[in-house]
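*Asks:* Right, I'll just put the structure down here and ask away after.
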Amino acid sequence: MLSHLGLAFMWLAIGIGLAIHLGAKHGADTISVSKRQPILYAFAAVSLASFAYDLFISAGMIPDYSTRYIMNFVVRLAVLLPVGFVIYVRIMPPLIRFGDRVADLVGM
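Numbering (the numbering used here), first residue to last: 461 to 568.
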């Protein structure tokens, strides 16, 4: 369980870091960001969804299927698709605007 908690915070750092990078590099216009860098945008959303997945496992809300690879894939997919979509639509735009503000403060 503790290893999933560590993984959760690793995914959180990757997702927030990518979102800030996208905001700093391309500005706060999320439409142009999603057209220019769709793979990074989607990977940041999936990273944040993986954070939620590993946090759910460490909290005991989802059983740990790490030794059963097919079941682990099915459960991970069932969690990542809806959570990733909500993150992609609702959470990524404010994170990208935050990255744009950080870039303005730093002078990038």
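For each residue, glycine too, the CB sits at the ideal point set by N, CA and C.
Enumerate in chain order the residues of its own chain whose CB-to-CB distance from D524 is below 6 Å, with the five nearest sequence positions on each side excluded.
*Replies:* By one-based count along the sequence shown, residue 524 stands at place 64. Here the set comprises I517.
*Asks:* Let me check understanding here. Comparing Cα to Cα, which of V562, I522, S507 lies closest to P545?
*Replies:* Along the sequence shown, one-based indexing puts residue 545 at 85. The displayed chain sequence assigns Phe, not Pro, to residue 545. Taking only the C-alpha atoms, the option nearest F545 is S507.
*Asks:* Enumerate in chain order the residues of its own chain whose CB-to-CB distance from A484 is below 7 Å, with the five nearest sequence positions on each side excluded.
*Replies:* Here residue 484 corresponds to residue number 24 of the sequence shown, with the count starting at 1. G559, D560, V562, A563, M568.
*Asks:* The alpha helix (DSSP H) spanning Y513 covers which residue range?
*Replies:* Position 53 of the sequence shown holds residue 513. Taken as a continuous stretch (DSSP letters only), the alpha helix (DSSP H) holding Y513 covers 498 to 518.
*Asks:* Got a sec, what are the start and stop residues for the alpha helix (DSSP H) I530 sits in?
*Replies:* Counting from one through the sequence shown, the residue named residue 530 turns up at place 70. Note, I530: alpha helix (DSSP H), 529 to 546.
*Asks:* What does the Cβ neighbour count give for F533, buried or exposed, with the cut at 16 atoms within 10 Å?
*Replies:* Translated into the one-based positions of the sequence shown, residue 533 becomes position 73. The residue is exposed, with fewer than 16 neighbouring Cβ atoms inside 10 Å.
*Asks:* Report the residue from Y513, I556, V566, R536 whose alpha carbon sits nearest the alpha carbon of H464.
*Replies:* Taking the first residue of the sequence shown as 1, we reach residue 464 at position 4. Considering only alpha carbons, the answer is Y513.
*Asks:* Shortest alpha-carbon distance to F511 belongs to which of L565, A505, L537, W471?
*Replies:* Here residue 511 is taken as the residue at index 51 of the sequence shown, counted from 1. That would be W471, whose Cα lies nearest to the Cα of F511.
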